[in-house]
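Counting from 1, one number per residue, gives the positions in the sequence shown under the UniProt record's numbering. We put the CB at the ideal spot given by N, CA and C, even for glycine.
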Amino acid sequence: DVEAWAAYLSSTGDLAVAKEKRTFVEKIRCSEEDLASALGISSVHCTSAVAHSRQCEAFLGSLLQAAGRAGPLSSAKPIKVVVEACDDLAISETDGSVVLPVSAGAEEALSFLRANLTDALLTTMKYDKELKELDRLKCLVRSRLKIRIYSKDKSVTLHEFRQCSNRLVRMSKSLLPYTEGLNVRVSDANRMSDTSVDIAWNFAA
Numbered sequence: 001d002v003e004a005w006a007a008y009l010s011s012t013g014d015l016a017v018a019k020e021k022r023t024f025v026e027k028i029r030c031s032e033e034d035l036a037s038a039l040g041i042s043s044v045h046c047t048s049a050v051a052h053s054r055q056c057e058a059f060l061g062s063l064l065q066a067a068g069r070a071g072p073l074s075s076a077k078p079i080k081v082v083v084e085a086c087d088d089l090a091i092s093e094t095d096g097s098v099v100l101p102v103s104a105g106a107e108e109a110l111s112f113l114r115a116n117l118t119d120a121l122l123t124t125m126k127y128d129k130e131l132k133e134l135d136r137l138k139c140l141v142r143s144r145l146k147i148r149i150y151s152k153d154k155s156v157t158l159h160e161f162r163q164c165s166n167r168l169v170r171m172s173k174s175l176l177p178y179t180e181g182l183n184v185r186v187s188d189a190n191r192m193s194d195t196s197v198d199i200a201w202n203f204a205a
């Protein structure tokens, strides 16, 4: 059957293209590791939007050469670099990641990284501290109320989550008969669904 044979050849070609793309991205990931090591930082990550491009390959290559000439950054171990399709060099206000446009020049990117190292480190350390506190609160509430999953909505701050968690722990004896096995999320309002319960962080007792 000619059509079946043509379809088979087409699918074989698709598989070959997919394999080629996968191999290319694997090389990008190896380059990320090499660059992180050369810079003396925690990690380099290229987003999926750029990781398949030759531009990304060239950018990592030029950065690696520049880093090799300049040497590792001082006291930069916790730093994370993200390469993405954007216009501006920036420090993430959320987690301290250094955001580099894939279109940037290598020397420009390294100069920005060195100039903003302190700000990035301070934001990263603050974020890591908040993550540890978040995990501590989650474990505490899960163990006291026998909750299956305890999480925080992105609209809720860590301070609000802490307040709510402490109240739940104080009320754990009376709440336990109703909370065991539930999925509970701290949110901005009380809601219920088939799979989880949202409670307002400032819920009324």
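Residue i - DSSP class collapsed to helix/strand/coil
i	result
Asn166	helix
Met171	coil
Pro101	strand
Ile41	coil
Asp34	helix
Ala109	helix
Ala18	helix
Cβ shell of residue i (< 8 Å), same chain only, five flanking positions each side left out
i	result
Lys126	Gly96
Val50	Cys56, Val83, Glu84, Ala85, Val102
Arg114	Leu73
Leu140	Ser165, Val169
Leu175	Leu145, Leu168
Ser42	Ala36, Lys77, Pro78, Ile79, Lys80
Lys21	His52
Arg162	Glu133, Leu137
Gly68	Ala38
Lys27	Glu57
Closer than 9 Å to chain D by CB, residue i
i	result
Asp128	Checking the listed chains, one finds no chain D in this structure; it contains a single protein chain.
Residue span of the alpha helix (DSSP H) that contains residue i, given as start and end
i	result
Arg136	117–145
Beta-carbon spacing of residue i, residue j below 9 Å
i	j	result
Lys138	Tyr150	yes
Val44	Glu33	yes
Leu110	Ala70	yes
Gly61	Ser37	no
Asp119	Ile91	yes
Glu108	Leu121	no
residue 227	Ser196	Here the chain covers residues 1 to 205 and nothing more, so residue 227 does not appear.
Closest residue to residue i among the options (Cα-Cα distance)
i	options	result
Asp153	Arg144, Leu176, Val184	Val184
Ala66	Ala106, Glu20, Ile91	Ala106
Thr123	Pro78, Ser48, Ile147, Glu108	Pro78
Ile147	Ser172, His159, Glu160, Leu158	Ser172
Arg29	Thr47, Ile41, Leu39, Ser143	Thr47
Leu39	Val98, Asp87, Asp88	Val98
Val186	Glu160, Glu93, Ala16	Glu160
Arg142	Phe112, Asn116, Thr179, Leu117	Thr179
Thr94	Asp128, Phe112, Leu64, Leu63	Asp128
Leu63	Pro177, Phe112, Asn116	Phe112
Element boundaries [beta strand (DSSP E), containing residue i]
i	result
Glu84	80–84
Arg148	Element bounds for Arg148: n/a, residue is neither H nor E.
Ala200	197–200
Ser62	Taken as a continuous stretch (DSSP letters only), Ser62 belongs to no beta strand (DSSP E), being part of the alpha helix (DSSP H) at 54–70.
Val184	183–187
6 Å Cβ shell around residue i - same chain, five flanking residues per side excluded
i	result
Ser155	Asp188
Phe59	Val102
Leu158	Glu130
Beta-carbon contacts of residue i that lie in its chain and below 7 Å, excluding the five residues immediately before and after
i	result
Asn190	Asp198, Ile199, Ala200, Phe203
Asp87	Pro101
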